[in-house]
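Trainee: Here it is: the structure, laid out below.
Residue numbers (the numbering used here): 7 to 169.
Written as structure tokens, this is what we have:
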């Protein structure tokens, strides 16, 4: 196992822990500012990915090329699947105080762990790809599932707040 793989596992574990921690912490706090905080990752992730792509384009001795269309399509479809699973397990409820809270879901921590495990398993499977291609495909998949999850969550929130 390479150092890069270990770092990947550590980063994945930290991300899972943070997501679970924010969900547990957030279930006792109402969602503020008309739910626009839900959309924050949709704004931040493309900026971060833009910087990452810029970095990938300037790796000495490593040519940068965009993956094939079918590979990008497969990454996007996988992102749609993962985003749909995350969205299905995300819900909101209006409580007695008139404020909207994240609906508790006992399975959410297992879903997030499964999503990360699937991503890690696929990353091990596709290690034969060029580093830049693999990174771009991972970013496409992540962006699509974050986009679907967060936009869908925002729409669910708005539905609960209107009703």
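All C-beta atoms, glycine included, are put in the ideal place defined by N, C-alpha and C.
1) The beta strand (DSSP E) that contains residue 39, what's its start and end?
2) Hey, could you find the ends of the alpha helix (DSSP H) residue 162 is sitting in?
3) Give a yes or no on whether the C-beta atoms belonging to residue 86 and residue 98 are separated by under 7 Å.
4) Please classify residue 76 as buried or exposed, where buried requires at least 16 other C-beta atoms within 10 Å of its C-beta.
5) If we ignore side chains and look at the alpha-carbon of each, how far apart do residue 23 and residue 115 end up?
6) Take residue 55 and list the residues in its own chain whose beta-carbon comes closer than 7 Å to its own, dropping the five residues that flank it on each side.
7) Could you check what DSSP says for residue 102 in three-state terms: helix, strand or coil?
8) Could you check where the alpha helix (DSSP H) with residue 63 kicks off and where it finishes?
9) Got a sec, what are the start and stop residues for the alpha helix (DSSP H) residue 82 sits in?
10) In terms of alpha-carbon separation, which member of 160, 143 and 154 lies closest to residue 89?
11) With a CB to CB cut of under 6 Å and the five nearest residues on each side skipped, what residues in its chain are close to residue 60?
12) With a 10 Å radius around its C-beta and 16 neighbouring C-beta atoms as the bar for buried, classify residue 159 as buried or exposed.
13) When the distance is taken between beta carbons, is residue 156 closer than 7 Å to residue 45?
14) For residue 143, count neighbouring C-beta atoms within 10 Å of its own C-beta (all shown protein chains included) and say buried if the count is 16 or more, exposed if not.
Mentor: According to the structure shown:
1) According to the DSSP assignment, residue 39 belongs to no beta strand (DSSP E), since it is labelled neither H nor E.
2) Per DSSP, residue 162 belongs to the alpha helix (DSSP H) from 137–168.
3) Contact: no.
4) Looking at its Cβ environment, which holds fewer than 16 other Cβ atoms inside 10 Å, residue 76 is exposed.
5) Their Cα atoms are separated by approximately 9 Å.
6) Around residue 55: 145 and 149.
7) Reduced to three states, the DSSP call for residue 102 is coil.
8) First-last for residue 63: undefined, no H or E at that position.
9) Residue range 75–94 is occupied by the alpha helix (DSSP H) that includes residue 82.
10) Nearest option by C-alpha distance: 154.
11) Cβ neighbours of residue 60 beyond the five flanking positions: none.
12) Buried, by the Cβ-count rule.
13) Between residue 45 and residue 156, the gap from beta carbon to beta carbon is short of 7 Å.
14) If you draw a 10 Å sphere on the C-beta of residue 143, you find 16 or more other C-beta atoms in it, and that means buried.
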